[in-house]
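Going by the working numbering, the first residue of the sequence shown is number 11, and it counts up by one from there.
Read the structure below first, then the notes.
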Amino acid sequence: MCGIVAAAAQREVSGILLEGLRRLEYRGYDSAGMALIDAGQALQLHKHAGKVKNLEDANARHPILGHRGVAHTRWATHGEPTSANAHPHLSGERVALVHNGIIENHATLRNALKADGVVFQSETDTEVIVHLIHSSLAQGETLFDAVRLTVAKLEGAYAIAVVDTSHDDEVVVAREGSPLVLGIGIGEMFAGSDTLALRQVTDTFVYLEDGDLAILSAGGYQIFDKTGDSLERAETRLRDTDNQADRGEFEHYMLKEIYEQPDRLRDTLTFEALDDSLFGEAAAAIFDHVQAVQIIACGTSYHAGLVARHWLEGFAGIPCQV
């Protein structure tokens, strides 16, 4: 499962993008990359097979800096896990794009682009998207309209983030079938595959829905539907406790779970984490009518679910399956 991070800010964002990718490592991946537009309005790119650490090392040796950029961790679907197939993908040294999802009609689109003289640099389905956007830009479309016209041609699932050297303050994003969330800062905007990727920079988010497109800039954001009409989506502010999913300094999540057990046990026994907002405002009315519970889990969560089943059936008298 691929991971996306994007940023448009008044400050330099390469460190934010790299930290976002580190926070998305739990999704699994085989390559990583990022592209930024520098002060001279040129695209700067690093992408490598292997770990995010490889990307960090490359950026330490040859830093790329900018106030706008996109970054990605890839799990190979179309094409081998190589640097050439890693994201971001570029078109004409002008447009950079990252993508999570699968484009089902990519072969048809690729053949049409090849017939128009486009030379592909990778085996991925994603590369057709960036070339289609570039083609629309070459015909005079704005970046937003180029993305909007392009996604109308796609069949399948996608979450994409795009930057273009001729649009010096924008990142355009779109989603259909793959998750994408906006992060709202002060003088900066972000996008990511989930909130965890952005919790180090904001606690306020907008969850995009299927068919949504958005323009991000340091000054704010606008959301649109596929026809270009403006939309409004609710802003959600997450609590500090929602950041417990952050792996922090632990090497992996299992180690984090082990070391946090005393704190979680204390919170449970003292009810410190059990406030009215835990399950939402409608919880009381819903819980009054619960007749059975189904717990879906895997790994260590499965074993925790078995314990919860014992408690629910033994203490609450509610049938439970895991």
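For every residue, glycine included, the Cβ atom is placed at its ideal position computed from N, Cα and C.
Given the structure is predicted, the values throughout are model-derived calculations rather than measurements.
Rounded straight-line distance, which links the Cα of residue j to that of residue i
i           : j           : result
residue 249 : residue 129 : 48 angstroms
residue 18  : residue 49  : 13 angstroms
residue 87  : residue 278 : 42 angstroms
residue 102 : residue 271 : 52 angstroms
residue 211 : residue 199 : 10 angstroms
residue 309 : residue 269 : 17 angstroms
residue 132 : residue 323 : 55 angstroms
residue 244 : residue 234 : 14 angstroms
residue 140 : residue 40  : 21 angstroms
residue 77  : residue 172 : 14 angstroms
residue 300 : residue 28  : 43 angstroms
residue 143 : residue 149 : 10 angstroms
residue 265 : residue 273 : 14 angstroms
residue 181 : residue 34  : 20 angstroms
residue 26  : residue 161 : 27 angstroms
residue 314 : residue 295 : 26 angstroms
residue 95  : residue 38  : 16 angstroms
residue 115 : residue 183 : 20 angstroms
residue 276 : residue 62  : 35 angstroms
residue 118 : residue 261 : 43 angstroms
residue 293 : residue 280 : 21 angstroms
Buried versus exposed, by CB contacts within 10 Å (16 or more), residue i
i           : result
residue 16  : buried
residue 4   : Missing from the structure shown is residue 4; the chain here goes from 11 to 332 and no further.
residue 71  : exposed
residue 226 : buried
residue 320 : exposed
residue 317 : exposed
residue 237 : exposed
residue 156 : buried
residue 179 : exposed
residue 259 : exposed
residue 121 : exposed
residue 137 : buried
residue 327 : exposed
residue 188 : buried
residue 193 : buried
residue 135 : buried
residue 242 : exposed
Beta-carbon contacts of residue i that lie in its chain and below 8 angstroms, excluding the five residues immediately before and after
i           : result
residue 191 : 201, 202, 203, 204, 205, 208, 215, 216, 217 and 218
residue 90  : 133
residue 64  : 42 and 58
residue 126 : 145
residue 124 : 130
Expected contact under 8 angstroms - CB spacing of residue i and residue j to nearest Å
i           : j           : result
residue 13  : residue 44  : Wrong, their Cβ atoms sit about 12 angstroms apart, outside the cutoff.
residue 110 : residue 169 : 5 angstroms
residue 186 : residue 220 : 5 angstroms
residue 263 : residue 36  : 7 angstroms
residue 55  : residue 100 : 7 angstroms
residue 213 : residue 247 : 6 angstroms
residue 52  : residue 112 : Their Cβ separation, rounded to whole angstroms, is 31 angstroms, which puts residue 52 and residue 112 out of contact at 8 angstroms.
residue 307 : residue 329 : 17 angstroms between Cβ atoms; not a contact.
Chain-order list of residues whose beta-carbon lies under 6 angstroms from that of residue i (same chain, five-residue window excluded)
i           : result
residue 97  : 43, 82, 84 and 108
residue 159 : 146
residue 92  : 59
residue 197 : 20 and 228
residue 332 : 305, 315, 316 and 319
residue 163 : none
Contact test: residue i Cβ vs the ligand ADP heavy atom, cutoff 7 angstroms
i          : result
residue 25 : The ligand ADP is not part of this structure, which contains no ligands at all.
Cut-off 7 angstroms between Cβ atoms - residues of its own chain near residue i, not counting five sequence neighbours on either side
i           : result
residue 174 : 104, 105, 147 and 153
residue 232 : 224, 225 and 240
residue 75  : 22, 24, 46 and 48
residue 267 : 310
Cutoff 8 angstroms: residue i Cβ touching any chain B Cβ
i          : result
residue 78 : No chain B is part of this structure, which consists of one protein chain only.
Exercise for review: Taking only runs that begin and end inside the segment 203–270, name each unbroken beta strand (DSSP E) of 3 or more residues, in chain order.
Suggested key: 214–217, 223–227, 230–234 and 245–247
Check your understanding: Which full runs of the beta strand (DSSP E) of 3+ residues lie inside the segment 68–95, going along the chain?
Key -> 78–84
Point to revise | Every unbroken alpha helix (DSSP H) inside the segment 132–178 [4 residues or more] | key: 137–148 and 153–161
Review point. Fully enclosed by the segment 12–54, which beta strand (DSSP E) runs are 3 residues long or longer?
Key: 13–19 and 41–47
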